[in-house]
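Report on one structure; see the data block that follows.
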Amino acid sequence: MKLWTNKTPGTHKIDDNHCWPLVTYVLPDELTGHPFNQDFFPCPHKIKPYYPGRSTGGITAVYRSGALGDAIMATGIVRYLVEKSGGTVDVYAPARNLTLYGGLGARLIPLPAVAEAWEAYDAHVPLDDLFSGKVMGSELGTGPGCFWDRIYKWMGAETDEVKVDPIYKRPTLTVIATDLDELKKQNKWPIPEPYFVYHVNASGPTRSYPVEQGKAAVLALLEEFPTHHAVIVGASPSVDFRLEHKRVVDLFNCTGQFRSLLPVLQGADFVVCPDSAVLHASAGLGTATVSIWGSYAPTDRCQYYPLSFPCYEPSVCPHAPCHPQMGLPQAKCKDAANRTKGTQLNCNAIRAVTAEMIVARDDCGAGQGSDGGAEGVSDLTLPTKIMLRNGRKVECAVEPSDTGYQLRFQAEDGKTLNLNEHAENLLAVCHHLNMVGKKVAIETYHSITPIPMTRAEQARHRSDLNKALLATKPTPWWVRLVMKLAVWAAVIGIIADAIIGDTPWYKAVAYIATILIIVPFLVLEMQEKDGGK
């Protein structure tokens, strides 16, 4: 980080805010253009590194400008600080990115920070420096190794003996109603289900998958999944990704606001994408991702993403992953076995990923899943959509825990219950949460030991889940109607007797209260007996 004083007579805009004359601001080192390369000096002495307990009862400042994907990843660290620091958390970020941190419980402030305000904080987490290079002399950089681990070790939250919960090593995002406005105005919503999403390009060629290979991958996936639609997303006026296919939904260059993609990603069965903001957003929404890697490795970013299925072929290039900062290192690219003549427009390692490899990763038992995690996440099933008796959908995925993987059931009203159980317990849990007939997210259980599944085994697994769900039969409608009529008849009779007859009012109220308390228990008992057949 650096301190910069605006000694010019005018204002200068940084991201979405104006910097006023004769005011000193805290800026990231990456901001090197005029006039920010004048009248500044490094300020490691102005950073109070966060460590557990330092800001208890105080305030921690988090600074994150720059790339959208990095901002999404930062939500996991902000969530950790909100829940574990013991104090308040302020997030400084560009105004256009502040909504990404909504719902985490932090106070959101457009950057840059004024020097006086920065000095007043009890602790700092300068994510701009932590993501991109050096902070207070530390060599965190963007080299090999998981950046989540590097940052938490710098924060003192993780040691060889103490590990941070994996839920804080992946993004956390929330979809809100206004996210659909842009697509609805274009008549692009709703999207026919089921569908998968293909993201065309990352922010630069170093991490982007070649366009023609991407088209071949989409067509191969459509052939592999004959009932699915392919939703094409991304933004680049110079890229032509038109596909003539009746099951292609073209949203390419249609979403001016990134948040407009969130409901699309949340509703997808799976997402295919390069190392990009879409990858991290999908992980933050709990959607399975088949990610394509080249100049960076899956362990750099998505080691702790529970539904991550990376495609990576570093063997073609002796330098992969080379972690380029600005453009491809052409001198290294020429050493790749599959190099092309002249300038390499795409990373040779990412070009080595074929459509067949991508389709194989969509086969739940074909690949290893995420490359890391404390125990290693592998051979996990992709989210499976099953139909309830009333036509509502059930989504199946996984949730990691300290001891392995756990079932998580979640209704639309936010009720959740975690159980280390198998699918045959769906019935009891649905009754426990009163979720019969509601949309339920069911996350299938896997032990620490990976369970590989062939397509035939997947089919049997899904059939077992269907049978368990179909066994969940609510009380017949006519029985519920008779019970309601009986309750109302009893209540009306008691009120009439209190008005016409000799029954005191206080007794009438007691009788009615007794009926309203006892009847729900009878209904629950009938449901349990009915569901247990």
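4 is the number of the first residue of the sequence shown in our numbering; add one for each residue after it. Just so it is clear, CB atoms sit at the ideal spot from N, CA and C, and this is done for glycine as well.
Taken in chain order, the whole beta strand (DSSP E) runs of length 3 or more contained in the region 70-153 are 91-96, 110-113 and 126-129. Here the alpha carbon of Val94 sits roughly 18 Å from the alpha carbon of Gly287.
Within the same chain, Cβ atoms closer than 6 Å to the Cβ of Val178 are found at Leu265, Pro266 and Gln269, the five residues on either side in sequence being excluded.
DSSP, reduced to helix, strand and coil, places Val236 within a strand of the structure shown. Here the alpha carbon of Ala205 sits roughly 27 Å from the alpha carbon of Ile112. With respect to Pro213, Asn349 sits close: the two C-beta atoms are nearer than 8 Å.
A distance below 6 Å between beta-carbons, with the five flanking residues on each side excluded, links Ser58 to the following residues of its chain, in chain order: Ser88, Gly90, Asp125 and Ala126. Boundaries of the alpha helix (DSSP H) harbouring Ile353: Asn351 to Arg354, taken from the DSSP string. Taken in chain order, the complete beta strand (DSSP E) segments of 3 or more residues contained in the region 23-61 are 27-30 and 43-45. With 16 or more neighbouring CB atoms inside 10 Å of its own CB, Val167 falls in the buried class.
Comparing alpha-carbon positions, the option among Ala516, Ala74 and Leu186 lying closest to Pro129 turns out to be Ala74. Going by C-alpha positions, Arg250 is about 11 Å away from Phe199. For the options Val203, Ser285 and Pro31, the alpha carbon positioned closest to that of Val242 is the one of Val203. Three or more Cβ pairs drawn from the region 294-305 and the region 317-324 lie within less than 8 Å of each other, which places the two stretches in contact. Between Ala271 and Tyr201, the alpha-carbon positions lie close to 10 Å from each other. A distance below 6 Å between beta-carbons, with the five flanking residues on each side excluded, links Leu183 to the following residues of its chain, in chain order: Trp192 and Pro266. In the three-state scheme derived from DSSP, where H, G and I count as helix and E and B as strand, Leu265 is classed as helix. Cβ-Cβ separation between Tyr308 and Thr292: approximately 7 Å, consistent with a contact (criterion under 8 Å).
Pairwise C-beta distances place the region 37-48 in contact with the region 8-23, as three or more of them are shorter than 8 Å. Shortest Cα-Cα distance from Leu114 to any of Glu122, Ala180 and Leu101 involves Leu101. Here Pro52 is actually not in contact with Lys5; their C-beta atoms are around 17 Å apart, not less than 8 Å.
The alpha-carbon of Glu161 is positioned some 10 Å away from that of Pro55. In the DSSP assignment, Thr292 falls within the unbroken beta strand (DSSP E) covering Ala291 to Trp296. In the three-state DSSP reduction, Asp182 falls in the helix class (H, G or I).
Annotation for His283: the continuous alpha helix (DSSP H) segment containing it runs Ala280 to Gly287. By the criterion of at least three beta-carbon pairs nearer than 8 Å, the region 58-70 is not in contact with the region 149-156. Per DSSP, Val485 has no beta bridge partner at all. Where Cys336 is concerned, the enclosing alpha helix (DSSP H) starts and stops at Gln333 to Cys336.
Residue nearest to Cys276 within the set Ile235, Ser239, Ile170 and Arg245 is Ile235 (criterion: CA-CA distance). Rounded to whole angstroms, the gap between the alpha carbons of Tyr28 and Pro97 is 15 Å. The Cβ neighbour count for Thr346, taken over all protein chains shown within 10 Å, is under 16; the residue is labelled exposed.
Under a 10 Å Cβ-count criterion, Asp338 is classified as exposed, with fewer than 16 other Cβ atoms of the shown protein chains found around its own Cβ. By the neighbour-count definition (other C-beta atoms within 10 Å, threshold 16), Thr181 is an exposed residue. Sixteen is the threshold: when 16 or more other Cβ atoms of the shown chains lie within 10 Å of the Cβ of Pro169, as they do, the residue is buried. In terms of Cβ geometry, Gly259 and Glu185 form a close pair [threshold 8 Å].
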